[in-house]
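Residue numbers (this note's numbering), protein chains in the order written: chain A, 871 to 1158; chain B, 235 to 534. This report concerns only the one structure given below.
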Ligand code: SF4
Ligand code: SF4
Ligand code: SF4
Ligand code: SF4
């Protein structure tokens, strides 16, 4: 079962919830946590597992072999991303713009553009008693998160069966990376804050999940600050609120040190239990 | 005219609240650009009037004319993004997966495929309560090309700043290190990094600064919630020293920011507070830094 933890904007507590929920659930059953925020993966800072596997991830880009090239310019014409251009008597590629569509390569009449792998990031697999943690990190200078997210999801699908609980810490926002990270999930937890910023971003996230026809519910973080806007909105839109995580300075301090929160703050644990109960219901098909 | 970009790598550091405060302090002297187009929030504090709006088109997506299609399957074979599934015995394009590469379009033997320009969002020019112009945007859900929309917002802001002879453009940058933030940084004169002293805060600060370095943009740093973890704050300061990043200010952990935001205000408009003074001082410093650095080569 795949559960993505997402939010309209960053900094709402997505990573706090993902890591604490993963550790909490793993006390009772096996859990896989994957950090798909490949631009800024942070979950690993809160999970001290043993590194059991590491691999570089590649994307395919064209490389020019000038011997047979007739300089017909077809490659430049077919590329929709300006990632390959003809400059005088040379063909230049811009790997950071390339979407790896293979069009230039396969449509080149002289086969002068074989696709070769280029490193875009790395994947690390850590293991703790009952918890596997996987994170991928995009190399600085690479602009596209989506291909690395897709490769990371492939890794998870190959390694683990369907019955196990898989948590995904999704990237922030509502654009392509978050769609990639949530489109295969069975259930989405949207994390928000009870403030005008939180509400505005939650609305975007809810619209996104509705457009994707996803089953989702909300967790309110830093409950107690701000106002009632988020609660009123969830009521009027009939969105389920799974849990309300408290707002204490102590939590911010624990977080700043990379420590787990539920082990120190009982009410945080109570709220996590509510989320766990819902997940178990989903697993057994009691809840929808 | 100088372009100042405020970025943070990770979200939730208070970047937007701080940027909006600078926008108020800058007043008539500046143009504001909200480049966090994926989750634009600054309008909640600056209350723009949405005076001008325009659709933004960028990129293409494939569309199959079923009347012309002979179901040969070539398009689906070449598509590397699994964007052409067979639905009810027809080849159809899945918009969410289509990258708009056009490979299918080139191989279709019947010209059954057209590439359609995509409306990916809207962009706006507004007047704000700080008596300045703000250029902002809203990306459509799931839309691609946020980097291009960021570039558009910046370009329009720059035009206004030049034609109206403003001293500064203040850009609220995007999170992460991917295409939108690359767009936010390109062409900027100065980067303000907003961070917080947590294990993730310092991690993201270092990552985003690597990107700033690639652009060779000078930078200054604001440490928000500095008192929450004094050890990490000290580590951040050591990092700033090492990299020659100017340390602007330590802001304390304080819920006044949130309270002001809940009231739809920046800290500057929310009565007198220690926080307000600190933010005002930072803005003064930034102005000094920019005018000194450039030896007054342009009017300000
Ligand atoms: S399409 Fe092939 S032959 Fe033509 S210019 Fe490009 S690389 Fe050369
Ligand atoms: S593989 Fe596609 S995106 Fe990359 S250079 Fe070739 S045509 Fe352009
Ligand atoms: S344009 Fe490219 S991604 Fe879209 S359907 Fe055609 S081949 Fe696939
Ligand atoms: S390549 Fe053209 S004709 Fe063949 S299935 Fe695709 S759309 Fe239809």
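C-beta: ideal position from N, C-alpha, C; glycine also. Model, not experiment: these values are computed from the prediction.
- Between the C-alpha atoms of residue 1022 of chain A and residue 1036 of chain A there is a straight-line separation of about 13 Å.
- Excluding its 5 nearest sequence neighbours in each direction, residue 879 of chain A has C-beta neighbours in its own chain below 6 Å: 1042 and 1071, listed in chain order.
- Short of 7 Å from the beta carbon of residue 418 of chain B, and not among the five residues preceding or following it, lie these beta carbons of its own chain, in chain order: 239, 241, 269, 384, 405, 407 and 408.
- The residue from B/279, B/292, B/288 and B/326 with its alpha-carbon nearest to that of residue 300 of chain B is B/326.
- Relative to ligand 2, the beta carbon of residue 339 of chain B is positioned no closer than 6 Å to any heavy atom.
- Residue 334 of chain B has its Cβ no nearer than 6 Å to any heavy atom of ligand 4.
- Residue 463 of chain B reaches chain A at 1123, 1126 and 1127, counting residues in chain order whose Cβ is nearer than 8 Å.
- Within the chosen limit of 6 Å, ligand 4 reaches the beta carbon of residue 304 of chain B through at least one heavy atom.
- Beta-bridge partners assigned by DSSP to residue 1036 of chain A: A/872 and A/902.
- In this model, residue 1155 of chain A and residue 1147 of chain A are separated by some 12 Å (Cα to Cα).
- Per DSSP, the unbroken alpha helix (DSSP H) holding residue 1076 of chain A starts and ends at 1066 to 1081.
- With the criterion set as a beta carbon lying under 7 Å from some beta carbon of chain A, the members of the segment 429 to 444 of chain B are 431, 432, 433, 434, 437, 438, 441 and 444, in sequence order.
- Taking 7 Å as the CB threshold, residue 1138 of chain A stays off the interface with chain B.
- Distance from the CA atom of residue 449 of chain B to the CA atom of residue 420 of chain B, rounded to whole angstroms, is 7 Å.
- Closest by C-alpha distance to residue 950 of chain A, out of B/305, B/477, B/338 and B/395, is B/338.
- When Cβ-Cβ separations below 7 Å define contact, residue 992 of chain A makes no contact with chain B.
- For residue 484 of chain B, the closest Cβ of chain A is not nearer than 7 Å.
- Its chain contains 331 and 333 as the residues whose beta carbon lies nearer than 6 Å to that of residue 315 of chain B, once the 5 sequence neighbours on both sides are disregarded; these appear in chain order.
- Boundaries of the alpha helix (DSSP H) harbouring residue 414 of chain B: 413 to 419, taken from the DSSP string.
- Identification of residues in the segment 875 to 886 of chain A having a C-beta nearer than 9 Å to some C-beta of chain B yields 877, 878, 879, 880, 881, 882, 883, 884 and 885, given in sequence order.
- For residue 313 of chain B, the CB contacts under 6 Å within the same chain, skipping 5 residues up- and downstream, are 338 in chain order.
- Residue 884 of chain A is not bridged by DSSP to any residue.
- Beta-bridge partners assigned by DSSP to residue 325 of chain B: B/320.
- The bridge partners DSSP lists for residue 1022 of chain A come to none.
- Taking the Cα positions, residue 395 of chain B is about 12 Å away from residue 387 of chain B.
- In this structure, residue 975 of chain A has its CB at a distance of at least 6 Å from all heavy atoms of ligand 1.
- What residue 915 of chain A touches in chain B, judged by beta-carbon distance under 8 Å, is 433, 434 and 437, going in chain order.
- Close CB contacts of residue 1003 of chain A within its chain, under the 6 Å cut and outside five residues either way in sequence, are with 903, 917, 919 and 996 (chain order).
- Per DSSP, residue 1103 of chain A lies in no beta strand (DSSP E); the unbroken alpha helix (DSSP H) holding it starts and ends at 1099 to 1106.
- Proximity of chain B to residue 1067 of chain A at the Cβ level (cut-off 8 Å) is accounted for by 250, 275, 278 and 495, in chain order.
- Straight through space, the alpha carbons of residue 368 of chain B and residue 392 of chain B are spaced by roughly 11 Å.
- Less than 7 Å separates the beta-carbon of residue 968 of chain A from that of residue 931 of chain A.
- As summarised for the segment 946 to 974 of chain A, the continuous beta strand (DSSP E) elements at least 3 residues long and confined to that stretch are 954 to 957 and 960 to 963, given in chain order.
- Ranking A/946, A/1103 and A/1058 by CA distance to the CA of residue 1152 of chain A puts A/1058 first.
- Not flagged as an interface residue toward chain B: residue 900 of chain A, since no C-beta distance is shorter than 7 Å.
- When DSSP states are grouped into helix, strand and coil, residue 1111 of chain A belongs to the strand group.
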